[in-house]
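Report on one structure; see the data block that follows.
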Amino acid sequence: MLKRDQCWRCDAICSTPTSKILCSRCGVACYCSDKCKGSDEFRHQVDCQTAALKRKCSGCNQEKIGLKSCGGCREAWYCDKECQKKAWPTHKHLCRQVIAKISELSERLNDIFDFKKSTNSHGVGTVYYWGNTPATDVINLSLNEGCDYSKPLSVLACGVGDPRNIVRSLCDLPEAYKEEITFTLNDICACTLARTVLILYFLYKGKYVDLPTVVLNMRHGNISICSFFVGGEEVASSVTQIWYSLRLSDMDYRLVISRLQELVEASSLEELTEGTMNMNQGHFQRLVEVWRTWLDLSSRQGDWITEARNKRFTSFDAQEGMDLYLKEIPKKHKESASDWFANGLLLPKESRKELSRENFTLTGSDFQLSRNRGAFSYLIQSSVLPFVGWDYNEVRQWGQFVSLLKMYSEYVTHVLKKSALKLATGLVKFHFLLCNCMEIVRFVPQGRRFDRVTTSNIADFVPLPSILDAYKPLLNLRNPSSVIVTEFLNWVMLTDAREEVRVRAHFMPKGDSFRQKVLEDTKNTAVAYSRAFQSFVEYHDHSGRFIQFLRAALLVNKPQDERTRRRTWKSVADHNGLIARDFLRCQNRVFPAKWMLNCRRVSLLNGFERAVEWVIQQS
Ligand SMILES: C[S@@+](CC[C@H](N)C(=O)[O-])C[C@H]1O[C@@H](n2cnc3c(N)ncnc32)[C@H](O)[C@@H]1O
Ligand SMILES: [Zn+2]
Ligand SMILES: [Zn+2]
Ligand SMILES: [Zn+2]
Ligand SMILES: [Zn+2]
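Numbering (UniProt numbering), first residue to last: 1 to 619.
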């Protein structure tokens, strides 16, 4: 849980610290009421198990606090050396199996990463105009430096994709914070970064509005046109639609055109924004190419973007995915979600009058296949929805509507408005880097150190040790809350965990008591009777598998002898002076180690998303 005193069942903040009820077993989970605690019992078993301080000793069978885990497998616990010795004859088989598995996996990962490197492959072949994990406040002062922190902050976002985490962080910054905050945003894909810069530029710039003003003249009444400048918060609702909707009103269309013209005509981003945004000229010129292409395409006739989108949505896989999604989300949202699939408009139905233009900023050419040089088209995958990029629970707490379109439009607009107001203070600065994230050091201003380094799920494509080694020297050592975050979305495909889940689900009949419990918890037959994912992931413990994966990932790139020597979790987690926050005890402070699924089914997570936070080990 990423807010202080947040209820593990309903996400509400317990009104006073004393009103919260702790789980007596793990001491980590907390609840706003006995009711929440009771209803979370079945689901919480998994987290309670991994977070528990009390363990059973494999030597003497007693349950105690403070047992030490077996350094080899981390799956057995002991009071002391004696108990360990006693258990060894029966334990050794399992222990060796686990160690062998980790070695084998690290060999496999080595090969995979070598292959990716040799083929120069970065991520999957698409543009990330919309993120596929919920937006997160990466600063979160309340859980980190404290709300009264009064030093400048600096954030590095590698593989930033869209700017949702940035605006989300700005939105939540305490009013009292009056220091400079710098975001260094990196992406390898020119189209993605061009769009991110454009969205932030809208918020920076605001707009001019022309209003007819009656000037009372003593001799003859005159009507003249007067231009007013209004801030970025006034364009927030337009930006929401430009970000997500397939069609735009004529007014929003003209807004995009005029901002793009300013960007392509500028001599530099720095000059255009009076120092608020800056970027090396070479990188800037490559974004100008993207903006120019959009301008060229803006006058193209016919519904060519809609047609390209429709093609993506008619494949069998896409259809199946949509059907499943519509069954698994809360019933009341089904109609609006179907509307989204059919029309691609986030604008609620009742507000759609004249959407005369296609949103040409939704087109691009991906980096992976064409290095951004191919013809522009609509490339967003059918499974990536606006509802994935923003945490449903957060959105719902802000405003509940039956229509997801209304709910998300209003929520995103609210976040954009608040962040535009922060931009208007002049204290927020941006630095954009168009390059491979592993080559960032060359472009980061000398001496700049970061309080947060987020790396998206780059760890799925680049060996973890390389990432940690590259960014550790960039951490701000004077701030003990400085952290590197690594996300893992694909780890499960590299291990046998996914297959295990599938097989388990396959052999579990509808009437199974486990499925009945899931049904009680979710009140949704599609989830409870599903073939895998969701319920199965949420209600089963995958932490052991994930730790094995991490241990293997940390051994990639290491010399062979080190790979066999560095075995204990502790010495592995301690990578070069960095140590992972204990995600099993819910000690992440920026990104949730894993998301609770059942309360945010609209967010369409698969349950295997994990984040690990690396901090400097305090001596
Ligand atoms: C790793 S992708 C995955 C999507 C991500 N989970 C999200 O929600 O945005 C995120 C971004 O990283 C970018 N990316 C991929 N490989 C990169 C690299 N080596 N250096 C910098 N950016 C990279 C992609 O272009 C994309 O915009
Ligand atoms: Zn609650
Ligand atoms: Zn517990
Ligand atoms: Zn013992
Ligand atoms: Zn062991």
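We treat Cβ as the ideally placed atom computed from N, Cα and C, and that holds for glycine. All of these numbers come straight from a predicted model, not from anything done at the bench.
- For E487, the secondary structure class from DSSP, reduced to helix, strand or coil, is strand.
- Shown here, Q548 sits in a helix according to DSSP, grouped into three states.
- Cβ neighbours of F183 within its own chain (closer than 6 Å, five residues either side excluded): V155, I166 and F430.
- Residues whose Cβ lies closer than 6 Å to any heavy atom of ligand 2, listed in chain order: C7, R9, C10, A12, Y31, C32, S33 and C36.
- The segment 62-74 and the segment 518-529 do not touch, with fewer than 3 CB-CB distances between them shorter than 8 Å.
- R9 and C599 have their C-alpha atoms roughly 8 Å apart.
- The Cβ-Cβ distance between E613 and R585 does not fall below 7 Å.
- DSSP lists L185 and T454 as the beta-bridge partner residues of A157.
- Taking 6 Å as the cut-off, one finds at least one heavy atom of ligand 1 near enough to the beta carbon of D187.
- The secondary-structure analysis by DSSP pairs C30 across a beta bridge with L22.
- Proximity annotation: ligand 4 has residues C57, G59, C60, Q62, Y78, C79 and C83 in chain order, each selected because its CB is closer than 6 Å to a heavy atom of the ligand.
- Secondary structure note for H506: its alpha helix (DSSP H) is the uninterrupted segment A497 to H506.
- The beta carbon of R601 lies closer than 6 Å to those of E328 and I329 in the same chain, with the five residues before and after it left out.
- Less than 7 Å divides the Cβ of K418 from the Cβ of C171.
- A check of alpha carbon separations from A505 across Q368, R531 and E609 identifies R531 as the nearest.
- In this structure, A12 is the residue among K3, R4, Q6 and A12 with its C-alpha nearest to the C-alpha of Q397.
- Judged by DSSP secondary structure, N343 falls within the alpha helix (DSSP H) whose first and last residues are K334 to N343.
- Excluding five sequence positions before and after T126, the CB atoms of its chain that fall closer than 8 Å to its own CB belong to D366, Q368, L379, I380 and Q381, given in chain order.
- Around the C-beta of R551, 16 or more other C-beta atoms lie within 10 Å, and the residue is accordingly described as buried.
- In the same chain as A342, and ignoring 5 residues on each side of it, no C-beta atom comes closer than 6 Å to its own.
- Closest in C-alpha terms to V28, from the list S377, Q6 and R74, comes Q6.
- Between L269 and A337, the C-beta gap is not smaller than 7 Å, which leaves the two residues out of contact.
- For R478, the closest alpha carbon among the candidates S466, D451 and V412 is that of D451.
- Between S543 and T50 the beta-carbon gap is near 4 Å, inside 8 Å, which marks them as a contact.
- In this structure, R589 lies near N144, with their beta-carbon atoms less than 7 Å apart.
- Under DSSP, F432 forms a beta bridge with L185 and M279.
- Its chain contains V492 as the residues whose beta carbon lies nearer than 6 Å to that of R498, once the 5 sequence neighbours on both sides are disregarded; these appear in chain order.
- In terms of Cβ geometry, Y78 and G66 do not form a close pair [threshold 7 Å].
- Check the Cα spacing between E107 and each of V556, M596, L53 and K332: the tightest is with V556.
- Here K151 carries a coil assignment [DSSP, helix/strand/coil].
- Set against 6 Å, the gap from the CB of R25 to the closest heavy atom of ligand 3 is smaller.
- Following the DSSP letters along the chain, one finds K327 inside the alpha helix (DSSP H) bounded by residues F316 to E328.
- I166: member of the alpha helix (DSSP H) spanning R164 to D172, first to last residue.
- Within the DSSP secondary-structure output, A611 pairs in a beta bridge with E487.
- Between ligand 1 and G374, a heavy atom-to-CB distance of less than 6 Å is absent.
- Across the structure, L203 and A420 are spaced so that their CA atoms are roughly 5 Å apart.
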